[in-house]
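Counting in our numbering, the sequence shown runs from 16 upward without gaps.
Here the structure is laid out as C-alpha coordinates; the discussion comes afterwards.
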Amino acid sequence: SPVGQAMWIYEKFQAWSDNKGDPAEAISLDQMLDDITLYWLTDSAASSARLYYESFAKDFSRMPLDFPVAVSIFKGDFFTPPKMWGEATYSKLFYWNEVPKGGHFAALEQPDLFVAELRKSFAQVR
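Structure below.
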(Lines of atoms letter the chains of each structure in order from A and count residues from 1; the text may use other names and numbers.)
(Lines give C-alpha, C1' and ligand atoms only; values in the text may rest on other atoms or scores of the structure.)
Protein backbone atom coordinates (compact mmCIF):
# COMPACT_ATOMS: atom_id res chain seq x y z
CA SER A 1 0.00 0.00 0.00
CA PRO A 2 1.18 3.58 -0.53
CA VAL A 3 0.90 4.32 3.20
CA GLY A 4 2.93 1.25 4.12
CA GLN A 5 5.56 2.20 1.54
CA ALA A 6 5.68 5.75 2.89
CA MET A 7 6.13 4.63 6.49
CA TRP A 8 8.81 2.09 5.60
CA ILE A 9 10.89 4.72 3.79
CA TYR A 10 10.14 7.45 6.38
CA GLU A 11 11.51 5.15 9.08
CA LYS A 12 14.75 4.84 7.09
CA PHE A 13 14.98 8.64 6.82
CA GLN A 14 14.50 8.86 10.58
CA ALA A 15 16.98 6.12 11.51
CA TRP A 16 19.68 6.67 8.89
CA SER A 17 19.87 10.45 8.52
CA ASP A 18 21.77 12.92 10.68
CA ASN A 19 18.84 14.41 12.61
CA LYS A 20 17.68 14.97 16.17
CA GLY A 21 14.81 12.49 16.02
CA ASP A 22 13.01 14.40 13.28
CA PRO A 23 14.02 13.45 9.73
CA ALA A 24 12.60 16.76 8.47
CA GLU A 25 15.60 18.43 10.15
CA ALA A 26 17.86 16.66 7.66
CA ILE A 27 15.65 16.21 4.59
CA SER A 28 12.72 18.41 3.59
CA LEU A 29 9.25 16.88 3.57
CA ASP A 30 9.00 17.64 -0.16
CA GLN A 31 12.23 15.71 -0.82
CA MET A 32 10.99 12.79 1.28
CA LEU A 33 7.66 12.72 -0.56
CA ASP A 34 9.45 12.90 -3.92
CA ASP A 35 11.62 9.93 -2.95
CA ILE A 36 8.70 7.92 -1.56
CA THR A 37 6.63 8.64 -4.68
CA LEU A 38 9.48 7.55 -6.94
CA TYR A 39 9.70 4.20 -5.17
CA TRP A 40 5.92 3.73 -5.32
CA LEU A 41 5.44 4.71 -8.98
CA THR A 42 8.35 2.60 -10.20
CA ASP A 43 7.49 -0.37 -7.96
CA SER A 44 11.14 -0.53 -6.91
CA ALA A 45 10.99 -1.03 -3.13
CA ALA A 46 11.78 -4.74 -3.29
CA SER A 47 14.66 -4.37 -5.72
CA SER A 48 16.21 -1.57 -3.66
CA ALA A 49 15.93 -3.59 -0.44
CA ARG A 50 17.55 -6.56 -2.15
CA LEU A 51 20.86 -4.68 -2.32
CA TYR A 52 20.97 -4.55 1.48
CA TYR A 53 19.98 -8.20 1.80
CA GLU A 54 22.64 -9.31 -0.67
CA SER A 55 25.29 -7.11 0.95
CA PHE A 56 24.74 -8.44 4.45
CA ALA A 57 23.84 -12.04 3.58
CA LYS A 58 27.17 -12.83 1.96
CA ASP A 59 30.72 -12.79 3.28
CA PHE A 60 32.59 -10.39 1.04
CA SER A 61 35.62 -10.25 3.33
CA ARG A 62 37.53 -12.82 1.28
CA MET A 63 36.83 -11.27 -2.11
CA PRO A 64 39.83 -9.49 -3.62
CA LEU A 65 38.86 -5.86 -4.17
CA ASP A 66 41.72 -4.57 -6.28
CA PHE A 67 40.47 -1.31 -7.77
CA PRO A 68 40.78 2.37 -6.83
CA VAL A 69 38.39 3.32 -4.01
CA ALA A 70 37.42 6.62 -2.40
CA VAL A 71 35.37 6.59 0.81
CA SER A 72 33.49 9.39 2.55
CA ILE A 73 32.02 8.48 5.92
CA PHE A 74 29.14 10.74 6.92
CA LYS A 75 28.78 10.95 10.72
CA GLY A 76 25.06 10.18 10.88
CA ASP A 77 25.09 7.04 8.72
CA PHE A 78 23.98 3.77 10.31
CA PHE A 79 27.29 2.10 9.40
CA THR A 80 30.51 3.99 10.04
CA PRO A 81 33.47 1.63 9.66
CA PRO A 82 36.91 2.60 10.95
CA LYS A 83 39.63 3.54 8.47
CA MET A 84 41.60 0.38 9.28
CA TRP A 85 38.63 -1.64 7.94
CA GLY A 86 38.82 0.30 4.68
CA GLU A 87 42.56 -0.20 4.43
CA ALA A 88 42.19 -3.93 5.07
CA THR A 89 39.35 -4.29 2.57
CA TYR A 90 40.51 -2.10 -0.31
CA SER A 91 44.11 -2.53 -1.47
CA LYS A 92 43.89 0.66 -3.55
CA LEU A 93 42.16 2.98 -1.08
CA PHE A 94 43.28 6.44 -2.17
CA TYR A 95 40.84 8.70 -0.30
CA TRP A 96 39.21 8.43 3.12
CA ASN A 97 37.42 11.25 4.89
CA GLU A 98 35.08 11.38 7.85
CA VAL A 99 32.57 14.15 7.28
CA PRO A 100 31.13 15.81 10.43
CA LYS A 101 27.56 16.16 9.10
CA GLY A 102 25.20 14.08 7.01
CA GLY A 103 24.04 10.51 7.09
CA HIS A 104 23.12 7.65 4.78
CA PHE A 105 21.27 10.05 2.48
CA ALA A 106 24.14 12.54 2.30
CA ALA A 107 23.27 13.79 -1.18
CA LEU A 108 19.84 14.86 0.11
CA GLU A 109 20.93 15.97 3.58
CA GLN A 110 24.15 17.84 2.82
CA PRO A 111 24.35 18.32 -0.95
CA ASP A 112 27.20 20.86 -0.79
CA LEU A 113 29.33 18.60 1.43
CA PHE A 114 28.51 15.61 -0.76
CA VAL A 115 29.63 17.41 -3.93
CA ALA A 116 32.76 18.68 -2.15
CA GLU A 117 33.63 15.09 -1.22
CA LEU A 118 33.19 13.96 -4.82
CA ARG A 119 35.40 16.77 -6.06
CA LYS A 120 38.12 16.13 -3.47
CA SER A 121 38.23 12.41 -4.22
CA PHE A 122 38.14 12.71 -8.02
CA ALA A 123 40.76 15.48 -7.98
CA GLN A 124 43.23 12.85 -6.82
CA VAL A 125 42.72 10.66 -9.91
CA ARG A 126 42.76 13.31 -12.63
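Note that the Cβ used here is the ideal one computed from N, Cα and C, for glycine as well.
Pro83 and Gln29 have their C-alpha atoms roughly 32 Å apart. Between the alpha carbons of Ser59 and Asp45 lies a gap of roughly 19 Å.
In the three-state scheme derived from DSSP, where H, G and I count as helix and E and B as strand, Phe28 is classed as helix. Boundaries of the alpha helix (DSSP H) around Pro126: Pro126 to Ala138. In this structure, Val130 and Phe89 do not form a Cβ contact; the two beta carbons are roughly 13 Å apart against a cut-off of 8 Å. Ile51 has its alpha-carbon roughly 6 Å from the corresponding atom of Ala21. By the 16-neighbour rule on beta-carbons within 10 angstroms, Gln125 is buried. In this structure, the CA atom of Thr57 is about 11 Å from the CA atom of Ser63. DSSP places Lys35 in no beta strand (DSSP E); its state is neither H nor E.
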